[in-house]
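Peer 1: Dropping a structure here in structure tokens format, bear with me for questions.
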């Protein structure tokens, strides 16, 4: 998802594109798939299942090993819990549809360098935020380690001073990061189509997430 000063430009990757492995310190894809498969089997076993009278227990996905991911363990956990709790609210849950919470937890998340903020042709700060690869198995969401996920005040290449990159939402910290994750969830569940090259469509998707889960 690409982020601009006043809008969120996020897109699902092309349907047939293979997910790039930006983090070379991550485990090999085959090994990662085997690990996720084992975890999924354990979670679905009778021993792991337990009746619950309260809200569902939120299981924060583990980031793969690697220096790039290690820096974001805490902010990712805070953002994921923030988003998952919002997803438990009836209005937000209805927006994404049945089974969305399980799909949110089943995604493979990675932090990878995808470019620092820069000025576009209109002199507006632009930076890649994240990308969703729906054809990967499990579905892969890459988050820009050089983007505004954990900090929304950043230096912008070609501009002077610091700039706030929040798409005009006034969200900060884990609230902003949760919005980024929930936008990508829209692509994960198939509610949102490709929008990487359509800023108006992208903004409409982000606005719909804000209305359903933040207001």
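Numbering (the working numbering), first residue to last: 308 to 522.
Even glycine gets a Cβ: it sits at the ideal position worked out from N, Cα and C.
Just so we're clear, the structure is a prediction, and the values are computed from it rather than from any experiment.
Using a 10 Å radius around the Cβ and a threshold of 16 neighbouring Cβ atoms, would you call residue 459 buried or exposed?
Peer 2: Sequence index remark: in the chain shown, residue 459 carries index 152 (1-based). With 16 or more other Cβ atoms within 10 Å, it is buried.
Peer 1: Could you tell me the alpha carbon to alpha carbon distance between residue 509 and residue 481, rounded to whole angstroms?
Peer 2: Here the question's residue 509 lines up with position 202 in the chain shown. Here the question's residue 481 lines up with position 174 in the chain shown. Approximately 21 Å, taken between the alpha carbons.
Peer 1: Kindly indicate the opening and closing residues of the alpha helix (DSSP H) around residue 509.
Peer 2: Your numbering for residue 509 matches position 202 in the chain shown. First-last of the alpha helix (DSSP H) with residue 509: 506 to 520.
Peer 1: Report yes if the CB atom of residue 419 is closer than 7 Å to the CB atom of residue 446, and no otherwise.
Peer 2: The residue given as residue 419 occupies position 112 in the chain shown. The residue given as residue 446 occupies position 139 in the chain shown. No, they are not a contact pair.
Peer 1: How should residue 427 be labelled, buried or exposed, when 16 other C-beta atoms within 10 angstroms of its C-beta is the threshold for buried?
Peer 2: In the chain shown, the residue the question calls residue 427 occupies position 120. It counts as exposed.
Peer 1: Express the C-alpha separation of residue 394 and residue 520 in angstroms, rounding to a whole number.
Peer 2: Working through the chain shown from its first residue, we reach residue 520 at position 213. Working through the chain shown from its first residue, we reach residue 394 at position 87. Distance between the alpha carbons of residue 520 and residue 394: 7 Å.
Peer 1: Please confirm if the region 466 to 479 is in contact with the region 489 to 506, defined as three or more CB-CB distances below 8 Å between the two stretches.
Peer 2: No, they do not touch.
Peer 1: Can you tell me where the beta strand (DSSP E) with residue 469 in it begins and where it stops?
Peer 2: As a working note, residue 469 is residue 162 in the chain shown. That run of the beta strand (DSSP E) goes 469 to 471.
Peer 1: I'd like to know if residue 423 contacts chain D, where contact means its C-beta is closer than 7 Å to some C-beta of that chain.
Peer 2: Annotation note: the requested chain D is absent from the structure, which comprises a single protein chain.
Peer 1: Would DSSP call residue 342 helix, strand or coil?
Peer 2: To locate residue 342, count along the chain shown from 1; it is residue 35. Reliability fails at residue 342, whose pLDDT of 49 lies under 50, so the model's placement of it is uncertain and the value that follows must be treated cautiously. Note: residue 342 maps to helix in three-state DSSP.
Peer 1: In angstroms, rounded to a whole number, what distance separates the CA positions of residue 367 and residue 410?
Peer 2: Counting from one through the chain shown, the residue named residue 367 turns up at place 60. Counting from one through the chain shown, the residue named residue 410 turns up at place 103. Whole-angstrom Cα-Cα distance: 12 Å.
Peer 1: Does the separation of the CB atoms of residue 490 and residue 439 fall below 7 Å?
Peer 2: Walking along the chain shown from the start, residue 490 turns up at place 183. Walking along the chain shown from the start, residue 439 turns up at place 132. Not closer than 7 Å, so no.
Peer 1: Could you tell me how far apart the beta carbons of residue 484 and residue 515 are, in whole angstroms, since I believe they sit closer than 8 Å?
Peer 2: For the purposes of this step, residue 484 is identified with residue 177 of the chain shown, where counting begins at 1. For the purposes of this step, residue 515 is identified with residue 208 of the chain shown, where counting begins at 1. Incorrect: roughly 18 Å between the Cβ atoms, too far for contact.
Peer 1: Judging by CA-CA distance, which residue of 375, 488, 463 is the nearest neighbour of residue 430?
Peer 2: Translated into the one-based positions of the chain shown, residue 430 becomes position 123. Answer by Cα proximity: 463.
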